[in-house]
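So the protein sequences, as listed, match chains Y and U. The first sequence: position 10 = 22 (the working numbering), numbered continuously. The second sequence: position 10 = 75 (the working numbering), numbered continuously.
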Amino acid sequence: MEIIGLTIDRLHEALRAGATSVTEVCQRTLERIEALDPQLGAFLTVNRDEALRRAEELDRDLARGEPLRPLTGVPVAIKDNICTKGLRTTCASKILHNFIPPYNATAVERLLEAGAILIGKTNCDEFAMGSSNENSAFGIVRNPWDAERVPGGSSGGSGAAVAADLCVVALGSDTGGSVRLPAAFCGVVGLKPTYGRVSRYGLVAYGSSLDQIGPITKTVADAARVLRVIAGRDPRDSTSSNHPVPDYLAALDGEIKGVRLGVPREYFGPGLDEEVRAVVWQAIHRFADLGAEIVDVRLPHTEYAIACYYIIATAEASSNLARYDGVRYGYRAQGATTLREMYRRTRNEGFGAEVKRRIMLGTYVLSAGYYDAYYLKALKVRTLIERDFREAFARCDLIVGPTSPTVAFRLGEKTEDPLAMYLSDIYTIMANLAGIPAISIPVGLSREGLPIGLQLHARHFEEATLLRAAHAYERAFPFSHKPPL
Amino acid sequence: MIERRKSWLEDRRMPITKREVEKIAELAHLELTEEEKEQFTVQLAAIIAYVEKLNELDTTDVPPMAHAGRDERADYAQRDDVVGEGLGSELALANAPDPARGYFRVPKVIEEG
């Protein structure tokens, strides 16, 4: 069984035809990880023995005549900030280097119930804070398309693993673009669902009003399949939604005629790479050729999004990360004589530079005398950003633009300048601030052979509309390039 | 207009001083090295100068966005208060750096002086 380019439907076709077994696919996947991952660095933990044990169990179930479940036998990689019972979950941080969760995240639990195989845990920026995956305490991830470039962050291991066929599907988390940016940089599909669509239970909290788990896949249809499994109300996450979960796959009818596609001029302003602009515009014209109606829309507060985001996200992070103190789990500094000294030394030795920087910024914007000027102000601007979308969606069904202003940048290019790094998220953070769903799909390559991502946004809970349009494009203009591995 | 209270931080926005960085680190329970203090003073000043951009916007009558949930049917944060199953002390202590007799052991809490 060829695992390069393997998707869920092709795997299931082969299993139904008896052309392969779950165990064979699992073994091939593990072999490929062993062969390629020492160079890529996408995995922090490979779940080898348990994956094979489970594969054999699934093969026995199938032999007994059990029907295929939605994800039977699908090798899935999970970002290492999503809890997996009994399997080390580090958030790519020294402070959680030895943490073994006593429970599964709800999204993981649902994947397993649907028959998936947990193949391993993927590298990421420490606590999901970063846009390049260079903030991991356990090493960088290299972009499968060019080893000297970043895979994007923060779910860089998940993006690289899917692009390099080290798994069929991966989960990431997206607080400001952390699923969509690696998807764009690695030439795969990345979906950030509506806030509340997927339970955050077991996702290690970064910015709780922004965080959302999402799939990284090779096709839009696979994203639809995975979302159907992981979406839905969870009593363990009070912000998860009761909104009915439709059959997203059934929505993929290839129909896009009459869909109004809004193009915000703010997404095509200064700072956008000319090649990215040209390829994204070409894709927009192709949407028009397929029958979509292109309309001009405005998102006038786009230029304030990064400032708004870095106040809200860091404020929430400074509060969420207060729990890492060396008392109940994770790393503890040795030799401290008082509790306070133990806290400080544990946190100083356990956290990396970017995490400290964000805790510091978040503490500052929440501190007495500055709360109103920064945090409250940002919450008000967040309202303005949500209004921008509401007004734009009165004139269109989907909003289209680039996922990132550039293709994957070089390793080390932005590590000295945090602000320049933050600006990589300019087009992705708007969806997190507004809480709406967005997807990145690959639509072309640059002259240097690097993938370019197009992003679509939809109204709250309209993932079906989003996936339908993305799928219609993919069907008409499939992205057939593979990284040179 | 936003009225700001006087506080331990000097009542001005820019630039952030090394002394302020030290005070914030103390609040955040971080013990920074001298090098980190110098670096964060420069970097945080740049980031704070950038986020000042928000002051270009008049938000006088704009309500703050309190939370991100947009499902009208949801009963966010409301559920019956019933006793559920917990982890149990063995599992709860399984990741503890220094467990002792069913507790988390820590260095002494009361400091001298």
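Every residue, glycine too, gets a C-beta built ideally from N, C-alpha and C.
Under the assumption that R81 of chain Y contacts A119 of chain Y (Cβ atoms under 8 Å), give the Cβ distance between them as a whole number of angstroms.
Contact flag wrong, Cβ pair sits at about 16 Å.
Bridge partners for P282 of chain Y per DSSP, in chain order?
None; P282 of chain Y has no bridge partner.
Please list the terminal residues of the continuous alpha helix (DSSP H) segment that includes K88 of chain U.
83 to 92
Kindly identify the DSSP beta-bridge partner or partners of N360 of chain Y.
N360 of chain Y pairs with nothing; no bridge assigned.
Rounded to the nearest angstrom, what separates E287 of chain Y and S416 of chain Y at their Cα positions?
12 Å
How is P129 of chain U classed by DSSP in three states: helix, strand or coil?
coil
Answer yes or no: does any C-beta atom of chain Y fall closer than 8 Å to that of R77 of chain U?
Note on R77 of chain U: pLDDT 45, under 50, position unreliable in the model; the coordinate value appears next. Cβ-Cβ to chain Y under 8 Å: no for R77 of chain U.
Can you tell me whether DSSP reads Y168 of chain U as helix, strand or coil?
strand
Going along the stretch 334 to 355 of chain Y in order, which residues come within less than 8 Å of chain U, judged by CB to CB distance?
A334, D337, G338, V339, R340, Y341, G342, Y343, R344, A348, T349, T350, L351, R352, E353, M354, Y355
Flag A432 of chain Y as yes if its beta-carbon sits less than 8 Å from any beta-carbon of chain U, otherwise no.
no
Taking the DSSP output, what are the residues bridged to T350 of chain Y?
U:K173
For N254 of chain Y, is the classification buried or exposed, using 16 other Cβ atoms within 10 angstroms of its Cβ as the cut-off for buried?
exposed
Does the Cβ of Q143 of chain U have 16 or more other Cβ atoms within 10 Å, making it buried, or fewer, making it exposed?
exposed
Once DSSP output is grouped into helix, strand and coil, what is the label at L183 of chain Y?
strand
Under the assumption that G208 of chain Y contacts S143 of chain Y (Cβ atoms under 8 Å), give the Cβ distance between them as a whole number of angstroms.
Not really, about 24 Å apart at Cβ, beyond 8 Å.
Leaving out five residues on either side along the sequence, give the residues of the same chain with a beta carbon under 6 Å from the beta carbon of V292 of chain Y.
P414, L466
Starting from R487 of chain Y, trace the alpha helix (DSSP H) in both directions and tell me its first and last residue.
475 to 488
Would you check if the stretch 196 to 208 of chain Y and the stretch 105 to 122 of chain U touch, i.e. whether three or more CB-CB distances between them fall below 8 Å?
no
Counting only the same chain and skipping the five closest in sequence on each side, list residues whose C-beta sits under 7 Å from that of C179 of chain Y.
T41, P87, V88, A89, I131, A173
At what residue ranges does the stretch 282 to 346 of chain Y contain a whole run of the alpha helix (DSSP H), taking only runs of 4 or more?
286 to 301, 317 to 332
Going by the CB atoms, is the gap between A182 of chain Y and I228 of chain Y shorter than 8 Å?
yes
Close beta carbons around D71 of chain Y, own chain, < 6 Å, minus the five adjacent residues each side:
S33, V34, T35
Tell me whether A300 of chain Y is buried or exposed, calling it buried when 16 or more other Cβ atoms sit within 10 Å of its Cβ.
exposed
Is the distance from the Cβ of L273 of chain Y to the Cβ of L410 of chain Y below 8 Å?
yes
Could you say which of Y:L99, Y:I94, Y:H24 lies nearest to D61 of chain Y if we only look at CA atoms?
Y:L99
Just checking: is the beta-carbon of S330 of chain Y within a distance shorter than 8 Å of some beta-carbon in chain U?
yes
Pull up the distance between the alpha-carbon of I397 of chain Y and that of T440 of chain Y, whole angstroms please.
13 Å
Buried or exposed: where does N147 of chain Y fall if 16 or more other Cβ atoms within 10 Å of its Cβ makes it buried?
buried
I'd like the span of the alpha helix (DSSP H) that includes H24 of chain Y, first residue to last.
20 to 28
Kindly say whether Y115 of chain U, judged by its beta-carbon, lies nearer than 8 Å to any beta-carbon of chain Y.
yes
Just reading off the alpha helix (DSSP H) that L48 of chain Y is part of, what are its end residues?
34 to 52
Decide if the stretch 350 to 368 of chain Y is in contact with the stretch 113 to 133 of chain U; the criterion is three or more beta carbon pairs, one per stretch, under 8 Å apart.
no
Which one of Y:I371, Y:Q294, Y:A317 has the shortest CA to CA distance from E328 of chain Y?
Y:I371
Given K83 of chain U, which residues of its chain have a CB within under 6 Å of its CB, disregarding the five upstream and five downstream residues?
K102, T106
I112 of chain Y versus T84 of chain Y: straight-line alpha-carbon distance, rounded
26 Å
Mind checking if I112 of chain Y is an interface residue toward chain U, Cβ cutoff 8 Å exclusive?
yes
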